[in-house]
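Asks: Provided herewith is a single structure, encoded as structure tokens, for subsequent inquiry.
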Amino acid sequence: MAKTVRAIGIPAPNAGILAGNVLKNLDNPGEEVRFVLSPGAEVGLDAVARKHGYTLEFTKADAAVEARMVPSGKSMEEVDVSGDFCPGPVITVGNILAGLPVGERLKVKSTSADTIADVAAAVTSSGSKVVGEGVEGDRHYLVAEKAEKQAAGAAAAVDRDRVLIVQGNGIGNAERAYATFIFSKVAQSMGRKVTIFLLMDGVSIAKKGNAAAVKHPAFDRLDRLMAEVVAAGATVYACELSAKFRGIEQADLADGVKLAGAATYLQLLSDPAYTVVNF
Amino acid sequence: MDMTYQVIALAILVSSTVTGFITFRMLGMKLAPHFGALILALVATLAAVATGIGAIVYAAAFLQVIVALTAFTQMWETLKYSFQTSPGYGPHLALVMMLPVLAVAAVAL
Amino acid sequence: MSYTTTSRELIDLLGLKGSPVAVKLAKTASDVPAGYQKVPEKSRHCQFVQDARLKGLKGYAAREEHVCKGGAGVMGIEPLPPSVADGSTYHKLGNFKTSEGALDTVTAIPKCAETHYASVYSPLETAEFEPDVVVVVATPRQALRLTQAYLHAAGGRISSDYSGIQSICADAVVAVKERGVPNMTLGCNGSRKNSGIAEDEVIMGIPPKNLAAIVEALKVFAGKWG
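Protein chains in written order, with the numbering used here: chain Y, 1 to 279; chain L, 280 to 388; chain R, 389 to 614.
Laid out in structure tokens, this is it:
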């Protein structure tokens, strides 16, 4: 477990002197130590860290700087989930996080930005925090910090101003496919934010060119409807597993559609702000 | 030429207008080429059965194959990705996919 | 672990007036060492420390026994009173020119992250519990020797931080308990006026695990410097 030393108000170089003494006097020498400092007090801290065999990482909160010292060699755990597809990455990360003590961090890397987004949803849904994100070379990454899952507090009144439309039917069922977007338009006209989750056959709607072939005499071409709905601010997800099942890759998807994993779906379903509808 | 095959083909064409109508409503797609070929094939097959004239039998057989082909080329993407919904097309497809074989039999046997 | 010998040696080697004080913050009532009673009279934390140092007081003080809520507050025994926590008390007392400055200081005062049931006190030599911190009230020269003894093993420098308020509670006990590093502090109006910390005395809080090495170093100094 990370030891926290609150040292707000102690300026450099005293903060560094304090830090050095803390590191020399740890009960568990392999411990990670987290110093909470006033801005500016972190000057010189990297030298202290190096001297005692630690690696230093900074995060800045609003009024404080957090300096984490991790024994070098025992650096933050990392896992690369490139090439693995939903639900693999989420399950892999979930298992590692479950075994970490509170306060410890895990870096998750992948060549796919969508996978990282899905992992982020899984991390926050399980009560832990995402404390950093970025790109390194060809890898997207996030840093997750294990936290205790908070029990739900008193149910606050939540504005149900969002609509999640789940569609498991694809271009092989024109009426349902049309209903997805026509209903989206209605919801948008009523001021609701729309998210569409296409799964199973539904991902066929998302494949470039497919919706253009669907046309009912009384309505506009399906792809035009979809484009209008997206332009009006809707988010359209295609289930990664269903796409994979059908040999559809991210590059095959129409503009504005993103691959998403099970964790994203679950997060949307669990969010009390969403009204969920299935056609 | 054994006309039996053409009679069966005619039966299938007539039956498939109904199953095809039910199936087509799921698609929401313009299938003009398919319908055009279907009508021509229906007329030609009727004529072939009624007259038994060799040339007409050939024409009918050819059109029957075109009917199946035009449907497939337009619907391929749908069939390819609709794992869950494709069984709904099953009855119609099961019947009409017999046409190419019957067409060949009608002229070869 | 018994600190009887260690305590005696500290007193002798340094020439301390009174005893080093063992202080422990008990999380729950069952955490209070067996046989310890509540302190006989309500008072302040700094007074309890002085009484243990000079009069051999042994006992514990829970919420009702702590008269100084600032002290009890930073030790987690009760919530800090709002007027202390927002700095207005110290602003009114005249410590700080502006209320922002007062708030700044109070925000930075070392405070326990957890809550506690009571604070427990005993002269170190007779303490039947493992202290969280050992508080030594000393002259500057004695504090010098303690500092030199602390640095003797591995060298380096020592930093002490304080703010002229809540000295014996926050600086000498809470800071040392939370960080695991000694801290020296110069007292405060409360502790000097109410608890009799003398003109020529300063206060040091020391983690118990450093005591053995400190005593060894003091013996080396006694040998070399007399």
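Here a beta-carbon is modelled for each residue, glycine too, at the ideal position from N, C-alpha and C.
Computed from a predicted structure; not experimentally measured.
For residue 132(Y), which residues does DSSP report across the bridge?
Replies: Residue mapping note: residue 132(Y) aligns to position 132 of the first sequence, counting from 1. Per DSSP, 143(Y).
Asks: Decide if residue 332(L) is buried, meaning its Cβ has at least 16 other Cβ atoms within 10 Å, or exposed.
Replies: As a first step, residue 332(L) must be located in the second sequence, where it is residue number 53. Exposed: under 16 other Cβ atoms inside 10 Å.
Asks: In chain Y, what lies closer than 8 Å to residue 364(L) by C-beta?
Replies: To locate residue 364(L), count along the second sequence from 1; it is residue 85. Result: 169, 170, 172, 173, 201.
Asks: Using only alpha-carbon positions, find the residue among 349(L), 356(L), 307(L) that is nearest to residue 317(L).
Replies: On the second sequence, residue 317(L) is found 38 positions in, with the first residue counted as 1. The shortest C-alpha separation from residue 317(L) is found at 349(L).
Asks: Are at least three pairs of beta-carbons, each pair with one atom in the segment 375-388 of chain L and one in the segment 280-290 of chain L, less than 8 Å apart?
Replies: Output reads yes: the segment 280-290 of chain L touches the segment 375-388 of chain L.
Asks: On the three-pair Cβ rule with 8 Å, is the segment 412-426 of chain R touching the segment 499-519 of chain R?
Replies: The segment 412-426 of chain R, when compared against the segment 499-519 of chain R, does touch it at the 8 Å Cβ threshold.
Asks: Less than 7 Å separating the beta-carbons of residue 324(L) and residue 372(L)?
Replies: By one-based count along the second sequence, residue 324(L) stands at place 45. By one-based count along the second sequence, residue 372(L) stands at place 93. Going by C-beta atoms, residue 324(L) is not nearer than 7 Å to residue 372(L).
Asks: Are the segment 223-241 of chain Y and the segment 191-210 of chain Y touching by the rule of at least three beta carbon pairs closer than 8 Å?
Replies: In short, these stretches touch, since the Cβ pair count reaches three.
Asks: Looking at chain Y, which residues of the segment 530-548 of chain R have a Cβ within less than 7 Å of any of its Cβ atoms?
Replies: Taking 7 Å as the Cβ-Cβ cut-off against chain Y, the residues of the segment 530-548 of chain R that qualify are 542, 544, 545, 546, 547.
Asks: Considering just the uninterrupted stretch of the alpha helix (DSSP H) at residue 112(Y), what are its terminal residues?
Replies: Position 112 of the first sequence holds residue 112(Y). Counting along the chain, residue 112(Y) falls outside any alpha helix (DSSP H), and DSSP gives it neither H nor E.
Asks: Quick check: residue 178(Y) and residue 245(Y), are their CB atoms within less than 7 Å of each other?
Replies: As a position in the first sequence, residue 178(Y) is number 178, starting the count at 1. As a position in the first sequence, residue 245(Y) is number 245, starting the count at 1. The answer is no: Cβ separation not under 7 Å.
Asks: At which residues does the alpha helix (DSSP H) containing residue 430(R) begin and terminate?
Replies: As a working note, residue 430(R) is residue 42 in the third sequence. Careful: residue 430(R) lies outside any alpha helix (DSSP H) and carries neither H nor E.
Asks: Hey, how far is the Cα of residue 322(L) from the Cα of residue 209(Y)?
Replies: Translated into positions along the second sequence, residue 322(L) becomes position 43. Translated into positions along the first sequence, residue 209(Y) becomes position 209. Straight-line Cα distance between these residues: approximately 34 Å.
Asks: What does the alpha-carbon distance come out to for the pair residue 585(R) and residue 541(R)?
Replies: Numbered from 1 along the third sequence, position 197 holds the residue referred to as residue 585(R). Numbered from 1 along the third sequence, position 153 holds the residue referred to as residue 541(R). Residue 585(R) and residue 541(R): Cα-Cα distance of roughly 30 Å.
Asks: Which residues in chain Y sit within 8 Å of residue 494(R), going by Cβ to Cβ distance?
Replies: Here residue 494(R) refers to the residue found at position 106 when the third sequence is read from its first residue. Those within 8 Å of residue 494(R) in chain Y number zero; the least Cβ separation is about 10 Å.
Asks: Name, please, each residue of chain Y whose Cβ falls closer than 8 Å to the Cβ of residue 305(L).
Replies: To locate residue 305(L), count along the second sequence from 1; it is residue 26. Within 8 Å Cβ-Cβ: 172, 173, 174, 175.
Asks: Determine the DSSP secondary structure at residue 169(Y), reduced to helix, strand or coil.
Replies: In the first sequence, the residue the question calls residue 169(Y) occupies position 169. Residue 169(Y): coil per DSSP, three-state reduction.
Asks: Specify, as a first and last residue, the run of the alpha helix (DSSP H) that residue 50(Y) falls within.
Replies: For the purposes of this step, residue 50(Y) is taken as the residue at position 50 of the first sequence. Note, residue 50(Y): alpha helix (DSSP H), 45-51.
Asks: Between which two residues does the beta strand (DSSP E) carrying residue 507(R) extend?
Replies: Position 119 of the third sequence holds residue 507(R). Looking at the DSSP string, the run of the beta strand (DSSP E) that includes residue 507(R) is 506-511.
Asks: Helix, strand or coil for residue 576(R)? Go by DSSP, reduced to three states.
Replies: If you number the third sequence from 1, residue 576(R) lands on position 188. Of the three classes helix, strand and coil, the one that applies to residue 576(R) here is coil, per DSSP.
Asks: Which term fits residue 300(L), buried or exposed, when burial requires 16 or more other beta carbons within 10 angstroms of its beta carbon?
Replies: As a position in the second sequence, residue 300(L) is number 21, starting the count at 1. So residue 300(L) counts as exposed.
Asks: May I have the straight-line CA-CA distance separating residue 558(R) from residue 412(R), to the nearest angstrom?
Replies: Numbered from its first residue, the third sequence carries residue 558(R) at position 170. Numbered from its first residue, the third sequence carries residue 412(R) at position 24. About 13 Å.
Asks: Taking the CB atoms as reference points, tell me whether residue 70(Y) and residue 32(Y) lie closer together than 7 Å.
Replies: If you number the first sequence from 1, residue 70(Y) lands on position 70. If you number the first sequence from 1, residue 32(Y) lands on position 32. The answer is yes: Cβ separation under 7 Å.
Asks: Mind pulling the chain Y residues with CB within less than 9 Å of residue 568(R)?
Replies: One-based indexing of the third sequence puts residue 568(R) at position 180. Ordered by position in chain Y, the residues that pass the 9 Å Cβ test against residue 568(R) are 3, 5, 21, 22, 25, 26, 27.
Asks: Between the segment 573-597 of chain R and chain Y, which residues of the former have CB atoms less than 9 Å from a CB of the latter, in chain order?
Replies: Within the segment 573-597 of chain R, the qualifying residues are 595, 597.
Asks: Does residue 337(L) come within less than 7 Å of chain Y when only Cβ atoms are used?
Replies: Along the second sequence, one-based indexing puts residue 337(L) at 58. With 7 Å as the cut-off, residue 337(L) does not count as an interface residue toward chain Y.
Asks: From what residue to what residue does the beta strand (DSSP E) around residue 528(R) run?
Replies: Sequence index remark: in the third sequence, residue 528(R) carries index 140 (1-based). Note, residue 528(R): premise wrong, no beta strand (DSSP E); alpha helix (DSSP H) at 528-540.
Asks: In chain order, which continuous runs of the alpha helix (DSSP H) of length 4 or greater are located wholly inside the segment 467-494 of chain R?
Replies: List check, alpha helix (DSSP H) in window: 470-473, 476-481.
Asks: I'd like to know whether the C-beta atoms of residue 214(Y) and residue 242(Y) end up nearer to each other than 7 Å.
Replies: Your numbering for residue 214(Y) matches position 214 in the first sequence. Your numbering for residue 242(Y) matches position 242 in the first sequence. Not a contact, by the Cβ cut-off of 7 Å.
Asks: DSSP three-state call for residue 309(L): helix, strand or coil?
Replies: Residue numbering aside, residue 309(L) sits at position 30 when the second sequence is read from its first letter. Note: residue 309(L) maps to coil in three-state DSSP.
Asks: Starting from the Cα of residue 519(R), find the closest Cα among 587(R), 531(R), 561(R) and give me that residue.
Replies: In the third sequence, counting from the first residue as 1, residue 519(R) sits at position 131. When each option's Cα is compared against that of residue 519(R), the closest is 561(R).
Asks: For the segment 204-220 of chain Y, list every residue whose C-beta sits within 8 Å of some C-beta in chain L, in sequence order.
Replies: The residues in question are 204, 207, 209, 210, 213, 214, 215, 216.
Asks: Mind checking residue 27(Y): buried by the 16 CB within 10 Å criterion, or exposed?
Replies: On the first sequence, residue 27(Y) is found 27 positions in, with the first residue counted as 1. So residue 27(Y) ends up on the exposed side.
Asks: If we ignore side chains and look at the alpha-carbon of each, how far apart do residue 530(R) and residue 450(R) end up?
Replies: Position 142 of the third sequence, counted from the start, is the residue given in the question as residue 530(R). Position 62 of the third sequence, counted from the start, is the residue given in the question as residue 450(R). The alpha-carbon atoms of residue 530(R) and residue 450(R) are separated by roughly 32 Å.
Asks: So, for residue 48(Y): in the same chain, excluding its five sequence neighbours on each side, which residues have a beta-carbon less than 7 Å away from its beta-carbon?
Replies: Start at 1 with the first residue of the first sequence, and residue 48(Y) comes out as number 48. The residues are 16, 19, 20.
Asks: To test your reading of the DSSP string, which unbroken alpha helix (DSSP H) runs of 4 or more residues are found completely within the segment 310-370 of chain L?
Replies: Whole alpha helix (DSSP H) segments, 4+ residues: 311-330, 333-360.
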